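Input: a single structure, listed below in structure tokens.
Numbering (the UniProt record's numbering), first residue to last: 1 to 273.
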């Protein structure tokens, strides 16, 4: 993409916390900043990505051009990169996938979007698949309540994106969409586990009057976990239809959003204070 077009997307992405319009509306985008292999200068590029558990996958398609894009050469020379997902900015280690793993991940990408296959055909080269492994040094800077709200907003956005992806899917549920759902389930479960083990006990010790609130939040965690388990079981069904999945995701979304709203109402002011 031309530099000025890239910059327009970057500016819109940052201004709208990861959301852009036009031809990329509703797409999964991130901003990748690499260090120039020759110049040492920092370069930021908007890229589509595929969730894959604790990592994200990007593909060096260059729009089907015959040469690898500059950002790929940069991260091969300097694997530590910066990633912006619209909510968080973090460091990541870039790992170029090889062999069977690369073939499997690329096949899954093509199933989700045949455009990847057309890019590879027109490029006349094997498109590299790169895994971005986050390097988290701790919670984001700032007030703890605001940090909690950022995490919650990330879950809200992911649930909304999955609903869009399910609604747009064809009659058969693709492997990548299953991975997107399972990744979200795992991340939400991990977040609630950290709250149950650390955040909630600390809040109760400091604010004993929050007893009824914490009891409700824990009960809601159990409800959400039950829905997550049901969704994960459903995703193992090879004959699962997108319509059935959408019903379950919407049911989960209603519970999660009500829970997040209630938690923020009571905990964010105290955490910020």
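Backbone N, C-alpha and C fix where the C-beta goes; we use that ideal spot for every residue, glycine too.
Please read these numbers as outputs of a predicted model, since none were measured by experiment.
Problem set entry | Whole beta strand (DSSP E) elements within the stretch 19 to 105, 3-residue minimum | 29 to 35, 42 to 48, 50 to 52, 55 to 59, 80 to 84 and 89 to 96
Exercise. Do the CB positions of residue 213 and residue 154 come within less than 8 angstroms of each other?
Worked result: no
Exercise. Relative to the alpha-carbon of residue 6, which residue among 47, 246 and 160 has its alpha-carbon at the smallest distance?
Worked result: 47
For this session: Kindly confirm or deny that the stretch 52 to 63 and the stretch 5 to 23 touch, where touching means at least three C-beta pairs closer than 8 angstroms.
Result: no
For this session: Please name the residue in 50, 72 and 19 whose C-alpha comes closest to that of residue 43.
Result: 72
Problem set entry | Proximity to residue 27 [Cα-Cα], best of 253, 228 and 166 | 166
For this session: Counting only the same chain and skipping the five closest in sequence on each side, list residues whose C-beta sits under 6 angstroms from that of residue 96.
Result: 128 and 130
Problem set entry | Contact the stretch 253 to 260 vs the stretch 217 to 231: 3+ CB pairs below 8 angstroms | yes
Exercise. Can you find a heavy atom of the ligand FAD that lies under 7 angstroms from the Cβ of residue 231?
Worked result: As far as ligands go, the structure on display features none, and thus does not contain the ligand FAD.
Exercise. So residue 218 and residue 196 are in contact, right, with Cβ under 8 angstroms, and what is the actual spacing, rounded?
Worked result: 7 angstroms
Exercise. Taking DSSP as the reference, what is the three-state secondary structure of residue 166?
Worked result: helix
For this session: Check whether the Cβ atoms of residue 75 and residue 34 lie closer than 8 angstroms to each other.
Result: yes
Exercise. Which runs of the beta strand (DSSP E), 3 residues or longer, sit entirely within the UniProt domain "Hemerythrin-like" (146 to 271)?
Worked result: none
For this session: Going by DSSP, name the residue or residues bridged to residue 131.
Result: 57 and 95
Exercise. Does the Cβ-Cβ distance between residue 163 and residue 249 come in under 8 angstroms?
Worked result: yes
Problem set entry | Per-residue DSSP class, three states only, for residue 126 | coil
Exercise. According to the neighbour-count rule (16 or more other Cβ atoms, all chains shown, within 10 Å of its Cβ), is residue 121 buried or exposed?
Worked result: exposed
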